[in-house]
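A.B. asks: The UniProt record's numbering numbers the first residue of the sequence shown as 1 and each following residue consecutively.
For reference, the structure I am asking about is given below.
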Amino acid sequence: MIITIDGPAGTGKSTVARALAERLGFEFLDTGALYRAIAWYCLENNVSHDDATRIVELTSTVHIRWEDARLWVNEEEVTEKIRSEEVTLGASRVAVISEVRDALNDVQRKIAEAQNIVTEGRDQGTVVFPHAQCKFYLNASAEERARRRFLELTNNGELAEYETILEQIRERDERDATREIAPLKPAPDAILIDSTNLKPERVLDKLEQTARKMY
Ligand code: C5P
């Protein structure tokens with residue numbers, strides 16, 4: 001069984017998808033991590049996130065492995081390294097390149113081939129797994145998503161500015177939603193959930209109830 005969870009950045013998708021996979025005994029796949037892997041690998045090779053030709057070349061030779069919610073690029077584990085701001089913005093730039101998307105779609109479909117999976121991203125229900133049995137689209141206001149990210153950073157003792165975070169979230173939303181290939185949007189058969197005023201636990205309960213009915 002394939003369960004897809006799509007939606008913009010900062011809706012709590014990853015946390016909820018991971019927890020849902022755990023409750024159901026499914027594998028969990030964070031597809032944003034794969035785009036981040038490419039963006040990280042570009043930085044390692046001094047390739048600009050706007051240099052499509054070089055990015056396509058790098059993508060065709062790199063080996064990306066996702067296993068038990070950990071990520072490797074070639075033989076190097078990058079699970080935490082891909083969370084920097086630079087990689088975050090770079091990921092949405094490399095994600096507009098069709099060859100990159102095709103290569104990563106193959107990786108995603110291979111992972112889903114042999115196991116039950118909860119997969120989250122932007123295009124899981126629309127493009128990668130259009131025949132998934134259970135699809136969700138998670139949303140929340142940009143202000144609430146920025147507020148959550150701000151709290152997460154300041155709770156970790158990091159310096160953060162709410163207005164800058166909000167601006168970055170809007171920039172990423174705009175790029176993800178307006179790109180030509182696989183733009184961010186709900187699949188026609190996705191169940192829409194607005195998490196602006198919902199605690200992650202409540203969102204998780206809703207998803208689990210729905211998924212169990214279809215399982
Ligand atoms: O979800 P996350 O913030 O890690 O995703 C990073 C970037 O990767 C997103 O801003 C988006 O541009 C891209 N992405 C995508 N398709 C996916 C998952 C992520 O284009 N399925």
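We put the beta carbon where it would ideally sit given N, CA and C, even for glycine.
(1) Quick check: residue 165 and residue 187, are their CB atoms within less than 8 Å of each other?
(2) Which stretch, first to last residue, makes up the alpha helix (DSSP H) that contains residue 105?
(3) By Cβ distance below 6 Å, which residues in the same chain neighbour residue 90 in space, the five residues on each side in sequence not counted?
(4) Let me know the beta strand (DSSP E) ranges lying completely inside the segment 111-187, each 3 residues or longer, listed in chain order.
(5) Residue 59 and residue 99: beta carbons closer than 8 Å?
(6) Looking at the strands, I want to know which residues DSSP matches up with residue 86.
(7) Under the DSSP definition of a beta bridge, which residues are partnered with residue 78?
(8) Starting from the C-beta of residue 14, find all residues in its chain whose C-beta is less than 7 Å away, skip the five residues before and the five after it, and write them out in chain order.
(9) Would you call the segment 132-140 and the segment 189-209 in contact, with 3 or more CB pairs under 8 Å?
(10) For the ligand C5P, is there any heavy atom lying closer than 7 Å to the beta carbon of residue 124?
(11) Relative to the C-alpha of residue 54, which candidate in 210, 42, 65, 63 has its C-alpha closest?
(12) Tell me whether residue 35, by its Cβ, gets closer than 7 Å to a heavy atom of the ligand C5P.
(13) Can you tell me the Cα-Cα spacing of residue 12 and residue 101, whole angstroms?
(14) Which whole-angstrom value describes the C-beta separation of residue 189 and residue 6, a residue pair presumed to lie in contact below a C-beta threshold of 8 Å?
(15) Could you give the DSSP three-state label for residue 58: helix, strand or coil?
(16) Any heavy atom of the ligand C5P closer than 7 Å to the Cβ of residue 195?
(17) Locate the alpha helix (DSSP H) running through residue 205, then write down its first and last residues.
(18) Taking Cβ to Cβ, would you say residue 111 is nearer than 8 Å to residue 52?
(19) Three-state secondary structure (DSSP) at residue 73?
(20) Report yes if the C-beta of residue 60 is less than 7 Å from at least one heavy atom of the ligand C5P; otherwise report no.
C.D. replies: With the structure as the only source:
(1) For the purposes of this step, residue 165 is taken as the residue at position 165 of the sequence shown. For the purposes of this step, residue 187 is taken as the residue at position 187 of the sequence shown. Cβ atoms of residue 165 and residue 187: not closer than 8 Å.
(2) The sequence position of residue 105 within the sequence shown is 105, counting from 1. 98-113 is the extent of the alpha helix (DSSP H) around residue 105.
(3) As a first step, residue 90 must be located in the sequence shown, where it is residue number 90. Excluding positions up to five away in sequence, the list reads 39, 49.
(4) 117-121, 134-139
(5) On the sequence shown, position 59 is the one that residue 59 refers to. On the sequence shown, position 99 is the one that residue 99 refers to. Yes, these two residues count as a Cβ contact at 8 Å.
(6) For this step, residue 86 is matched to residue 86 along the sequence shown. DSSP output for residue 86 lists no bridge partner at all.
(7) Within the sequence shown, residue 78 is the residue found at index 78, counting from 1. For residue 78, which the question treats as bridged, DSSP gives no partner whatsoever.
(8) As a first step, residue 14 must be located in the sequence shown, where it is residue number 14. Counting only Cβ-Cβ distances below 7 Å, and skipping sequence neighbours, we find 30, 120.
(9) yes
(10) Translated into the one-based positions of the sequence shown, residue 124 becomes position 124. Indeed, a heavy atom of the ligand C5P lies less than 7 Å from the Cβ.
(11) Within the sequence shown, residue 54 is the residue found at index 54, counting from 1. Among 210, 42, 65, 63, the Cα nearest to that of residue 54 belongs to 42.
(12) The sequence position of residue 35 within the sequence shown is 35, counting from 1. Flag set: Cβ of residue 35 near the ligand C5P.
(13) By 1-based counting over the sequence shown, the position of residue 12 is 12. By 1-based counting over the sequence shown, the position of residue 101 is 101. Each residue's Cα considered, the two are about 23 Å apart.
(14) The residue labelled residue 189 in the question sits at position 189 within the sequence shown. The residue labelled residue 6 in the question sits at position 6 within the sequence shown. Between residue 6 and residue 189 the Cβ distance is about 12 Å, and since that is not below 8 Å, they are no contact.
(15) Reading the sequence shown from its first residue, position 58 is the one you call residue 58. Three-state DSSP puts residue 58 in a helix.
(16) Start at 1 with the first residue of the sequence shown, and residue 195 comes out as number 195. Checking every heavy atom of the ligand C5P against the Cβ of residue 195, none is found closer than 7 Å.
(17) By one-based count along the sequence shown, residue 205 stands at place 205. Residue 205 -> alpha helix (DSSP H) spans 200-214.
(18) Here residue 111 is taken as the residue at index 111 of the sequence shown, counted from 1. Here residue 52 is taken as the residue at index 52 of the sequence shown, counted from 1. Taking 8 Å as the Cβ cut-off, residue 111 and residue 52 do not qualify as a contacting pair.
(19) Taking the sequence shown and counting its residues from 1, the one referred to as residue 73 is at position 73. If DSSP states are grouped into helix, strand and coil, residue 73 belongs with the strands.
(20) What you label residue 60 is simply residue 60 of the sequence shown in a count that begins at 1. Checking the Cβ of residue 60 against the ligand C5P gives no.
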